[in-house]
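Asker: Residue numbers (my numbering): 263 to 639. Cβ coordinates follow ideal geometry from the N, Cα and C atoms, glycine included.
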Amino acid sequence: MPEWEAGGREFPRGWGVERGVNIVRLRPRAQAWGRRQLVLRGLGDALSRAAPDVLHLHSATGLLTLQALSWARRRRVPVVIDSHLCYFNILPRGLAKLLYYRALFRYLLLPRFGNVIARYVPLMPDAESVLHNELGIPYERMTHSTLGVDTEAFRYRAEDRARVRERLGIPPDAPVVAFFGRIGFDKRVDTLVAAWGAIARKHEARLLLVGPAPPAVERAMLAGIDPGLRGMVSVTGRAANAELPAFMSAADIAVWPGTPGIAMLEAMACGLAIVHTDPYYAAGMEAPPNAEVFLPGDTPALADRLDALLSDADRLAQMRAQSRRLAEQVYDWRVVAARTNAVYAEALSGKPSALPPLWKRPSGDGRSLPPPPRRRA
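#1: Determine the DSSP secondary structure at V283, reduced to helix, strand or coil.
#2: Exposed or buried, which one is G473 when buried takes at least 16 other CB atoms within 10 Å?
#3: Could you confirm whether any beta carbon from chain D is found closer than 9 angstroms to the beta carbon of V411?
#4: Taking the DSSP output, what are the residues bridged to Q299?
#5: Tell me which residues share the same chain as A475 and place their Cβ nearer than 6 angstroms to its Cβ, disregarding the 5 neighbours each side in the sequence.
#6: In angstroms with no decimal places, state the Cα-to-Cα distance between S332 and F367.
#7: If we ignore side chains and look at the alpha-carbon of each, how far apart do Y593 and W518 end up?
#8: Spatial neighbours of L385 within its chain, please: CB distance less than 7 angstroms, with the 5 preceding and 5 following residues excluded, ordered by chain position.
#9: Between S573 and G533, is the Cβ-Cβ spacing less than 9 angstroms?
#10: Sort W621, D422, A616 by Cα distance to A508 and report the nearest one.
#11: On the DSSP bridge assignment, give the partners of Y382 in chain order.
#12: DSSP has F441 in a bridge; who is on the other side?
#13: Tell me which residue opens and which closes the beta strand (DSSP E) that R499 is part of.
#14: In terms of DSSP beta bridges, what is H320 paired with?
#15: Pull the bridge partners of H538 from the DSSP assignment, please.
#16: Measuring CB to CB, does A609 end up less than 9 angstroms from R381?
#17: Sort out for me which residues DSSP pairs L276 with in a bridge.
#18: When we look at the beta-carbon of T277 and count the other beta-carbons within 10 Å, is it buried (16 or more) or exposed?
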């Protein structure tokens, strides 16, 4: 069982209601690739019983997508497909992936369902590039949307900041650089640890790592830290989702040195400045900036970003305020829900999308675009 599922509750099979939403959980008829590919037993009957006006699917590829599309085509139900499949998910791209995404889905399978798929909804710029470049989806069949965050649950609270810092032994005025998520070698948290070590003494900065870490990974990361700095590092282990806003309130800068994740949006809602490696991951983070980017594995560049931010209190405050504004105006679940409902209305009407784009569409291969300029203080 993955570490982030440890202690998770069991979900009953069959029909039920949770928080006012009708839920049906089905058993797999077939599964492959570590349960990432599924065919569900009774899916057609469940969809017929639910009788949707629009069928919303997550992911344009996979066995479950094909199973649901087959039902929708028979019943003539329009389909909306959202996607956050990014290049960091499919690179490096060998022959097997090339055959899977391009030969199988682009040229063979997705064209068979072209008359039932009303709209593709990329949830970030990188996902739009994958849909267009790898799956051959025309831009005019796409409407932008985003992942979301609960901005009421995730917000800065001064009392949480003081409580967490006291518990972890962090001085009230010390800057805190943090990472939130699963701590593994693939997340390149070792890059953050090394970069923080280069600037820690200059700024009296603390390092906060929140997330599950296998003991071997934690030992390997901490082994490279100067013994004199080890008292300035806090590793919390796995934290419940309800605890994350308090930990985020205790920090000032959040860093994703490897692949980013949904916790980045949650950190933005808590008013943290962001440093990450993928300029195509999120919309609107560059104008005005709430984020800095650096190339994966470039420890000196990350150290430079952290040094510059911690040396300029006004700029850091502006970036933190912009994070919160973006969370409220773009990524709040209520904003995302309203946009999604508008997509459904367009799918039912058969009209082209009139919703404004959330980011500038790239020309050609999105991955060929250079990273945004590296800003200096």
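Answerer: Judging by the given coordinates:
#1: strand
#2: buried
#3: Structure shown: chain D not included; a single protein chain is present.
#4: A294
#5: I445
#6: 14 angstroms
#7: 18 angstroms
#8: D344, S345, H346, S407, T408, L409
#9: no
#10: D422
#11: I343, M404
#12: L471
#13: One detail in the question is off: residue 499 reads as Gly in this sequence, not Arg. Start and end: 495 to 499.
#14: D344
#15: W518, V555
#16: yes
#17: A small correction: the amino acid at residue 276 is Gly; Leu does not occupy that position in the sequence shown. BP columns for G276 point to R287.
#18: One point to set straight first is that residue 277 is Trp, not Thr, in the sequence displayed. W277 comes out exposed.
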